[in-house]
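Novice: Sharing a structure here in C-alpha cells format.
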Amino acid sequence: GAGVSQSPSNKVTEKGKDVELRCDPISGHTALYWYRQSLGQGLEFLIYFQGNSAPDKSGLPSDRFSAERTGGSVSTLTIQRTQQEDSAVYLCASSISPDRGDAFFGQGTRLTVV
Amino acid sequence: DAKTTQPNSMESNEEEPVHLPCNHSTISGTDYIHWYRQLPSQGPEYVIHGLTSNVNNRMASLAIAEDRKSSTLILHRATLRDAAVYYCILSSGNTPLVFGKGTRLSVIA
Chain A
13 GAGVSQSPSN KVTEKGKDVE LRCDPISGHT ALYWYRQSLG QGLEFLIYFQ GNSAPDKSGL
73 PSDRFSAERT GGSVSTLTIQ RTQQEDSAVY LCASSISPDR GDAFFGQGTR LTVV
Chain B
6 DAKTTQPNSM ESNEEEPVHL PCNHSTISGT DYIHWYRQLP SQGPEYVIHG LTSNVNNRMA
66 SLAIAEDRKS STLILHRATL RDAAVYYCIL SSGNTPLVFG KGTRLSVIA
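Line by line, the protein sequences are chains A and B. Residue numbers for the first sequence follow the numbering used here, beginning at 13 and rising by one. Residue numbers for the second sequence follow the numbering used here, beginning at 6 and rising by one.
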C-alpha cells in the first residue's frame, strides 16, 4: 500500500473485553513501532519490531498488552481485559530500517473503553 | 529520562521564519537528531533528520551546533498549516523513536 494502514479506525469496547488492533506497514519496511496517545498527551512508546522480533518491549504498560508481527509485515496489538485507562489513540509507524530517520505513521486507531 | 529539551510553546507570525530550538547535551556520537511534527488530529509526520552537518529539505532546514549539543529546526516561511507540535528526538541504531512533549507552534495570521 501507499502508506501505513491501521484498522479499525475507531473501536468502542466494553470494559473487560479483549481487543485486537492491526497495523499494515509500508511494504519492505523492516522496522515497526507501536505508540499510544491519550487525549491531550504526548506519544507513549509501547513496542518496537525489527522483522518479526521485538528487541524492545519496554513500553508495554502491563501484561494485558501484547503484540506480534508475522512474515515481517502485519502486526497485531492485543489488549486483554480492557480498562478505561486504555482509552487512547494507538499509532503504528514503520521505517525501512531502525536507523533511518523517516518513519511513517498511520492515522491511528481510536480506542474507547466504556 | 528526557534526552532532549524543548520550549513548551512558541508563536510566530505568518510568512515569517521560525527557529525551533532543541537542547541535547548528553547526545552520543551515534545519535541522529530527528524532527517530527504532529498536526491537530493527525499522526506524527517526519520533518528532517541529521547527524553532524546541516540539512535542508523541502519542508525545513536543520542547523546542528558544532558540538552537537543543540540543534535548531528552521521553517523558512511559516504558514497557518505549520501550526503543530514539533518533536526533537535522538535515536541511534536499533533504538526506537521516543517522543517527549515537544514544542507547540502557533502561527498567527
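We treat Cβ as the ideally placed atom computed from N, Cα and C, and that holds for glycine. Every value quoted in this text rests on a predicted model; they were computed, and no experiment measured them.
1. State yes or no: is the C-beta of Gln18 of chain A within less than 8 Å of the C-beta of Gln119 of chain A?
2. Quick check on the DSSP output: the beta strand (DSSP E) that includes Arg34 of chain A runs from which residue to which?
3. Here's the rule: buried if 16 or more other CB atoms are within 10 angstroms of the residue's CB, otherwise exposed. What is Leu51 of chain A?
4. Can the beta-carbon of Lys4 of chain B be found less than 8 Å from the beta-carbon of Asn13 of chain B?
5. Looking at the C-beta of Leu123 of chain A, does it have a partner C-beta in chain B at a distance below 8 Å?
6. Under 8 Å, CB to CB, which of the residues in the stretch 93–121 of chain A have a partner in chain B?
7. Quick one: residues in its chain with C-beta nearer than 7 Å to the C-beta of Gly71 of chain A, no 5 flanking neighbours on either side, listed in chain order?
8. Out of B:Ser46, B:His39, B:Asp72, which has the shortest C-alpha to C-alpha gap to Val60 of chain B?
9. Measure the alpha-carbon distance for Thr121 of chain A versus Thr25 of chain A and round it to whole angstroms.
10. Taking Met5 of chain B as the reference, which of B:Ala70, B:Thr84, B:Ala114 has the closest Cα?
11. So what does DSSP say about Glu26 of chain A, is it helix, strand or coil?
12. For Thr57 of chain B, which residues in the same chain have their Cβ closer than 8 Å to its Cβ, ignoring the five residues on either side in sequence?
Specialist: Taking the definition as stated:
1. yes
2. That run of the beta strand (DSSP E) goes 31–36.
3. Taking all protein chains shown into account, Leu51 of chain A has fewer than 16 neighbouring C-beta atoms within 10 Å of its C-beta and is therefore exposed.
4. The first residue shown for chain B is 6 and the last is 114, placing residue 4 of chain B beyond what the model contains.
5. no
6. Leu103, Ala105, Pro110, Asp111, Gly113, Asp114, Ala115, Phe116, Phe117, Gly118, Gln119, Gly120
7. Glu56, Phe57, Leu58, Ile59
8. B:His39
9. Each residue's Cα considered, the two are about 13 Å apart.
10. Outside the shown range of chain B (6 to 114) lies residue 5 of chain B, about which nothing can therefore be said.
11. coil
12. Same-chain partners within the cutoff: Ile69, Arg73.
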